[in-house]
Amino acid sequence: YSLKSGVPVKETSASAETAEKNRLLSPDGQQVLEYRDRNLFVRNLATNQRTQLTKHPADREMHADDPKWSPDGKRVLFVERDITDVRMRSVLVPSDPSYPGVEEHRFARVGEKIHKLRIGVVDFEGQEIHWMPINTPEEGFYLGQVEWAGNSNEVLVEQMSRFRDQRDFLLVNVDSREVKTIFHEKNEAWAVSSPAKNMGLIWLQDGKSCLVISEKDGWRHAYHYSREGEELSLLTPGEYDIIERGIVDEQGGWFYFLASPENGTQQYLYRVPLDGTGTLQRISPDDQPGTHEYQFSPDAKWAFHTYSRLDVPPVISLISLPEHKRIKLLEDNQDLREKLNSLGLPPTEFLSLEIGEDVTVDAWLMKPKDFDENRKYPMLVYVYGEPHLQTVIDRWGAAQSHFHRVVAEAGYLVVSIDNRGTPAPKGAAWRRAIFGSLGPLSTEEQAAALQELGRVKPYVDLSRVAIWGWSGGGSNTLNAMFRKPDLYKVGIAVVPKPQPHLYNAWFQEIYMRTREVNAEGYERSAPINFAEGLKGDLLIITGSGETNTHIQIIEGLVDRLVEMGKTFDYMVYPNRDHGLREGKGSEFHVRMLILRYLIEHLPREPR
1206 YSLKSGVPVK
1216 ETSASAETAE
1226 KNRLLSPDGQ
1236 QVLEYRDRNL
1246 FVRNLATNQR
1256 TQLTKHPADR
1266 EMHADDPKWS
1276 PDGKRVLFVE
1286 RDITDVRMRS
1296 VLVPSDPSYP
1306 GVEEHRFARV
1316 GEKIHKLRIG
1326 VVDFEGQEIH
1336 WMPINTPEEG
1346 FYLGQVEWAG
1356 NSNEVLVEQM
1366 SRFRDQRDFL
1376 LVNVDSREVK
1386 TIFHEKNEAW
1396 AVSSPAKNMG
1406 LIWLQDGKSC
1416 LVISEKDGWR
1426 HAYHYSREGE
1436 ELSLLTPGEY
1446 DIIERGIVDE
1456 QGGWFYFLAS
1466 PENGTQQYLY
1476 RVPLDGTGTL
1486 QRISPDDQPG
1496 THEYQFSPDA
1506 KWAFHTYSRL
1516 DVPPVISLIS
1526 LPEHKRIKLL
1536 EDNQDLREKL
1546 NSLGLPPTEF
1556 LSLEIGEDVT
1566 VDAWLMKPKD
1576 FDENRKYPML
1586 VYVYGEPHLQ
1596 TVIDRWGAAQ
1606 SHFHRVVAEA
1616 GYLVVSIDNR
1626 GTPAPKGAAW
1636 RRAIFGSLGP
1646 LSTEEQAAAL
1656 QELGRVKPYV
1666 DLSRVAIWGW
1676 SGGGSNTLNA
1686 MFRKPDLYKV
1696 GIAVVPKPQP
1706 HLYNAWFQEI
1716 YMRTREVNAE
1726 GYERSAPINF
1736 AEGLKGDLLI
1746 ITGSGETNTH
1756 IQIIEGLVDR
1766 LVEMGKTFDY
1776 MVYPNRDHGL
1786 REGKGSEFHV
1796 RMLILRYLIE
1806 HLPREPR
């Protein structure tokens, strides 16, 4: 959108490609970085001459990732990623039904070898590579933020341990090879890292100090640190979490961020002074409960503002800051609102359910058309329940709400519940409650919340409850069906991971470490170990082309159920990956399969 002309500008794939090229363009605009055969080259735009900057050995599978020009244009920073020792797994590709092909993918399972990383700086003229002398533990590690530290001689490195229980921000001097730690934290569970919700370090005062996000006091807060690593102030004191970093207005002296101190299902814009006085100011309008999202101008004086609720389509405006004044309405989705109203569905209700031990969970509840509170209705539970995703969010399109409206219109109550361990802004203790074993706590708290819902809402028929979920939600669906068979009569598990020790190291090890150090946690977590409890109707859905929760992980459960003589249903979509999107009509087919299975196995008539 052009502020000057007031005309919307449609971003195309070509414009996105141009933006990427600009990122790789040298500061003087004369040269551009290019990838070729996993190596890094620089091309002179005037002469078209290419110079090779990295030369990986032929017997190693190595990549030069995330290159960045130094401010003076004389050096290039990059991350070397060596995946040679990461084991291959094969995927059958049924492109030719008579002779299917095989694709191989690198996949580091729990406890196995992960990639090797090095950070290099190459001098463009001499083509000499300086390898940054950071600690490289044998078990492997991860990198977050890697960039130039405001000059052409120092590199900022965010380094995380393999289990993500330690995080360091390092300043590395390219010439002297001095390594200085400016921020360190360790947590017995896991530490926040920059890939999560834009949580990296921001330089302030022309690089003399920085802003860091940390949960070291039990809440996700912003801290002001000197370049030497001295903590100067806590900018956001109080019992609330930063949901996402916004922008720093250094000229005005403010730090903007998203939070919701009073309601973990919503999101608002706040700001605090950079001087550390800690006075919290809400910027989002008080009369607009729901979710507010922002795209800021570099000077923090303008923003694209998107406001929505689970039942309210987005309203998109150009606003000025800090007064939050609307300059221009860009989209109000009025036609969509009218179509939604024409369905005649009751509004979605948000609830707080007390489940004991001073734990209160959030939930939302959708009701059928022509709902009568004096009758009892069957219920579908949509579950995720793991650290990657929060389903109870008051935002348009959240938690597959469009599909769930179809389910509600078919005659069902639909509910979703966020147990402890989901990434709700309720403090670090809430989020880390599941540490050590994903599955047992979510199963217990989801079931307790349903019992409480049945108590406070007499129209809920607890004798007719179904549950479904995707990925981690698929795993929790299996746990529900196997561990709480008297509560759940129907389950639909989409791309689950019934054997977590066979899942990827990057995700699973954060929350459960490895079986070598946490055998009991893995034993309690794995749905396959409780399969004998199955009583109800179960449908398992996956894709033969899965590169995430591989079909072999699921087939182990299939074999176990067959051995036990259990009756269940199993649908495999050929050559589909984790999202089951490949192929015309796939997404629609999956959801209609879910709805049809529900209707066939859970009577929907109110009683």
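Numbering (my numbering), first residue to last: 1206 to 1812.
Idealized CB from N, CA, C, for every residue including glycine.
In this text, all values refer to a predicted model and were calculated from it rather than measured experimentally.
| query | On the three-state DSSP scale, how would you describe HIS1794? | reply | Residue mapping note: residue 1794 aligns to position 589 of the sequence shown, counting from 1. HIS1794: helix per DSSP, three-state reduction.
| What does DSSP give as the partner residues of PRO1478 in its beta bridges? | As a first step, residue 1478 is located in the sequence shown; it is residue number 273 there, counting from the start. BP columns for PRO1478 point to TRP1459.
| message | On the DSSP letters alone, give me the boundaries of the beta strand (DSSP E) that GLY1741 sits inside. | response | The residue given as residue 1741 occupies position 536 in the sequence shown. Element bounds for GLY1741: n/a, residue is neither H nor E.
| query | Smallest Cα separation from THR1838: which of ILE1560, TRP1569, GLU1562 and ASN1546? | reply | Beyond the ends of the chain as shown, which are 1206 and 1812, falls residue 1838; an answer cannot be given.
| request: Helix, strand or coil for SER1668, going by three-state DSSP, please let me know. | output: Taking the first residue of the sequence shown as 1, we reach residue 1668 at position 463. Reduced to three states, the DSSP call for SER1668 is strand.
| Near HIS1268, what residues of its chain come up, given a Cβ to Cβ distance below 7 Å and the 5 sequence neighbours on each side ignored? | Start at 1 with the first residue of the sequence shown, and residue 1268 comes out as number 63. Cβ neighbours of HIS1268 beyond the five flanking positions: ARG1243 and ARG1286.
| message | Using 8 Å as the cut-off, can you tell me whether the segment 1716-1727 makes contact with the segment 1630-1648, which would need three or more C-beta pairs spanning the two stretches below that distance? | response | yes
| Residues bridged to TRP1408 [DSSP beta-bridge criterion] | By 1-based counting over the sequence shown, the position of residue 1408 is 203. Partner(s): CYS1415.
| query | So is THR1386 buried or exposed if we call it buried at 16+ other beta carbons inside 10 Å? | reply | Within the sequence shown, numbered from 1, the residue matching residue 1386 stands at position 181. Exposed, because fewer than 16 other Cβ atoms sit within 10 Å of the Cβ of THR1386.
| Sequence-distant residues of its chain with Cβ nearer than 6 Å to ASN1227 (five each side left out) | Position 22 of the sequence shown, counting from 1, holds the residue named residue 1227. Confidence at ASN1227 is low in this model, with a pLDDT of 48, below 50, so the placement of that residue should be treated as unreliable; the coordinate-derived value is given next. Same-chain partners within the cutoff: there are none.
| message | Distance check for ARG1531 and LYS1506, CA to CA, integer angstroms please. | response | In the sequence shown, residue 1506 corresponds to position 301, counting from 1. In the sequence shown, residue 1531 corresponds to position 326, counting from 1. Those two C-alpha atoms are separated by around 12 Å.
| query | Apart from the five residues just before and just after GLN1178, which ones in its own chain have a Cβ nearer than 6 Å to its Cβ? | reply | For residue 1178 there is no data in the structure shown, the boundaries of the chain being 1206 and 1812.
| request: With distances taken Cα to Cα, identify the nearest neighbour of VAL1315 among GLU1721, GLU1359 and SER1303. | output: By 1-based counting over the sequence shown, the position of residue 1315 is 110. Out of GLU1721, GLU1359 and SER1303, GLU1721 has the C-alpha closest to the C-alpha of VAL1315.
| task | Out of ASP1370, GLN1350 and GLY1355, point me to the one whose CA is closest to VAL1362's CA. | result | Working through the sequence shown from its first residue, we reach residue 1362 at position 157. Comparing Cα positions, the closest option is GLN1350.
| message | Starting from SER1680, trace the alpha helix (DSSP H) in both directions and tell me its first and last residue. | response | Start at 1 with the first residue of the sequence shown, and residue 1680 comes out as number 475. That run of the alpha helix (DSSP H) goes 1677-1688.
| Any idea what DSSP makes of ILE1288, helix, strand or coil? | Within the sequence shown, the letter at position 83 stands for residue 1288. Three-state DSSP puts ILE1288 in coil, outside helix and strand.
| request: Using beta-carbon positions only, say whether ASN1681 and GLY1590 come within less than 8 Å of one another. | output: Numbered from its first residue, the sequence shown carries residue 1681 at position 476. Numbered from its first residue, the sequence shown carries residue 1590 at position 385. Yes, these two residues count as a Cβ contact at 8 Å.
| Does the Cβ of VAL1661 have 16 or more other Cβ atoms within 10 Å, making it buried, or fewer, making it exposed? | Position 456 of the sequence shown, counted from the start, is the residue given in the question as residue 1661. By the 10 Å Cβ count, VAL1661 comes out exposed.
| field | GLN1190, DSSP secondary structure in three states | value | Because residue 1190 is not part of the residues shown, which for the chain are 1206 to 1812, the question remains open.
| request: Report the three-state DSSP secondary structure of HIS1806 (helix, strand or coil). | output: By one-based count along the sequence shown, residue 1806 stands at place 601. Of the three classes helix, strand and coil, the one that applies to HIS1806 here is helix, per DSSP.
| Count the other CB atoms within 10 Å of the CB of GLY1750; is the residue buried (16 or more) or exposed (fewer)? | Sequence index remark: in the sequence shown, residue 1750 carries index 545 (1-based). When all chains shown are included, GLY1750 counts as buried.
| query | For the segment 1580-1663, which segments carrying the alpha helix (DSSP H) assignment without a break, of at least 4 residues, lie completely within its bounds, in sequence order? | reply | 1606-1614, 1633-1636 and 1645-1661
| message | Considering only their Cβ atoms, is the gap separating LEU1416 from PHE1460 smaller than 8 Å? | response | Along the sequence shown, read from residue 1 onward, the residue named residue 1460 stands at position 255. Along the sequence shown, read from residue 1 onward, the residue named residue 1416 stands at position 211. For PHE1460 and LEU1416, yes; Cβs fall inside 8 Å.
| request: Per DSSP, which residues does SER1522 bridge with? Please list them. | output: Along the sequence shown, read from residue 1 onward, the residue named residue 1522 stands at position 317. Answer is HIS1510 and LEU1534, bridged to SER1522.
| said: Relative to the C-alpha of ARG1718, which candidate in ARG1369, LEU1534 and LYS1421 has its C-alpha closest? | reply: Locating residue 1718 in the sequence shown gives position 513, counting from the first residue. The candidate whose alpha carbon is nearest that of ARG1718 is ARG1369.
| said: One question on the structure: do HIS1529 and GLY1481 come within less than 8 Å of each other, judged by their Cβ atoms? | reply: Position 324 of the sequence shown, counted from the start, is the residue given in the question as residue 1529. Position 276 of the sequence shown, counted from the start, is the residue given in the question as residue 1481. For HIS1529 and GLY1481, no; Cβs fall outside 8 Å.
| What residue from MET1584, SER1489 and LEU1409 has the CA that sits closest to VAL1665's CA? | For this step, residue 1665 is matched to residue 460 along the sequence shown. Answer by Cα proximity: MET1584.
| query | Three-state secondary structure (DSSP) at ASN1227? | reply | Your numbering for residue 1227 matches position 22 in the sequence shown. Because the pLDDT at ASN1227 is just 48, under 50, the model does not fix this residue reliably, and the value given afterwards should be weighed accordingly. Helix at ASN1227.
| Going straight from the alpha carbon of LEU1655 to that of VAL1566, what length do you get? | In the sequence shown, the residue the question calls residue 1655 occupies position 450. In the sequence shown, the residue the question calls residue 1566 occupies position 361. The straight-line gap from Cα to Cα measures roughly 11 Å.
| query | Counting pairs of beta carbons, one from the segment 1679-1699 and one from the segment 1735-1750, are three or more of them closer than 8 Å? | reply | yes
| query | For the putative contact between ASN1538 and VAL1520, defined by C-beta atoms under 8 Å, what is the C-beta separation to the nearest angstrom? | reply | Sequence index remark: in the sequence shown, residue 1538 carries index 333 (1-based). Sequence index remark: in the sequence shown, residue 1520 carries index 315 (1-based). ASN1538 to VAL1520, Cβ: 7 Å. Contact.
| task | Indicate the three-state DSSP secondary structure (helix, strand or coil) for PRO1779 in the structure shown. | result | For this step, residue 1779 is matched to residue 574 along the sequence shown. Of the three classes helix, strand and coil, the one that applies to PRO1779 here is coil, per DSSP.
| query | Going by beta carbon distance, what residues of the same chain come within less than 7 Å of SER1557, once the five residues before and after it are set aside? | reply | Translated into the one-based positions of the sequence shown, residue 1557 becomes position 352. Closer than 7 Å at the Cβ level, and outside the excluded window around SER1557, lie THR1565 and ASP1567.
| request: Pull up the DSSP beta-bridge partners for ARG1372, would you. | output: Translated into positions along the sequence shown, residue 1372 becomes position 167. For ARG1372, which the question treats as bridged, DSSP gives the partners MET1365 and GLU1390.
| request: Report yes or no: do three or more beta-carbon pairs, one from the segment 1770-1787 and one from the segment 1292-1303, lie closer than 8 Å? | output: yes
| said: For VAL1767, report the span of its alpha helix (DSSP H) as first-last. | reply: For the purposes of this step, residue 1767 is identified with residue 562 of the sequence shown, where counting begins at 1. From DSSP, the alpha helix (DSSP H) with VAL1767 extends over 1756-1768.
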